[in-house]
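Participant:
The following block contains the structure:
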């Protein structure tokens, strides 16, 4: 399996990691800050190997794979929504959200937003 790494340079001079996310709390109308997240890659035997653990920043954003290899594979983003809602003083229905996606072109940037509320969520491939 070939491994690729591509970084996108922002106009501000910063570097965008190959995988980004943005979580918005649609019930409160604010970014979901400090949401614990874990990125996994699926191994050939079907098991999941943990790659990175991060938390969203004050704007609900997070990036992965700054120093790791981006490859053709199936990945899983785990969002600890239970911890986020408890810290917000809210009881949520979903204790976590897992988003599984496939990287078919490692030369592209992948953005996986999450629209979140205590009783629902939605995700899509962003840009």
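Numbering (the working numbering), first residue to last: -5 to 121. Glycine residues also receive a C-beta, built at the ideal position from the N, C-alpha and C atoms.
(1) Can you tell me which residues form a DSSP beta bridge with residue 46?
(2) Can you name, in chain order, every residue of its own chain whose Cβ lies under 6 Å from the Cβ of residue 28, other than the five neighbours on each side?
(3) Could you check the C-alpha separation between residue 120 and residue 45 for me, to the nearest Å?
(4) Residue 72 and residue 13 - do their beta-carbons sit closer together than 7 Å?
(5) Taking the alpha-carbon positions, what's the residue 191 to residue 26 distance?
(6) With a threshold of 7 Å on Cβ separation, who are the neighbours of residue 107 within its own chain once the five nearest residues in sequence on each side are excluded?
Facilitator: If we stick to the structure as given:
(1) Locating residue 46 in the chain shown gives position 52, where the first residue counts as 1. Note: residue 46 sits in a beta bridge opposite 33.
(2) Here residue 28 is taken as the residue at index 34 of the chain shown, counted from 1. Answer for residue 28: 49, listed in chain order.
(3) As a working note, residue 120 is residue 126 in the chain shown. As a working note, residue 45 is residue 51 in the chain shown. When rounded, the distance between both Cα atoms is 22 Å.
(4) What you label residue 13 is simply residue 19 of the chain shown in a count that begins at 1. What you label residue 72 is simply residue 78 of the chain shown in a count that begins at 1. Taking 7 Å as the Cβ cut-off, residue 13 and residue 72 do not qualify as a contacting pair.
(5) Since the displayed the chain opens at -5 and closes at 121, residue 191 lies outside it and no answer follows.
(6) On the chain shown, position 113 is the one that residue 107 refers to. The answer, listed in chain order, is 15, 16, 117, 118, 120.
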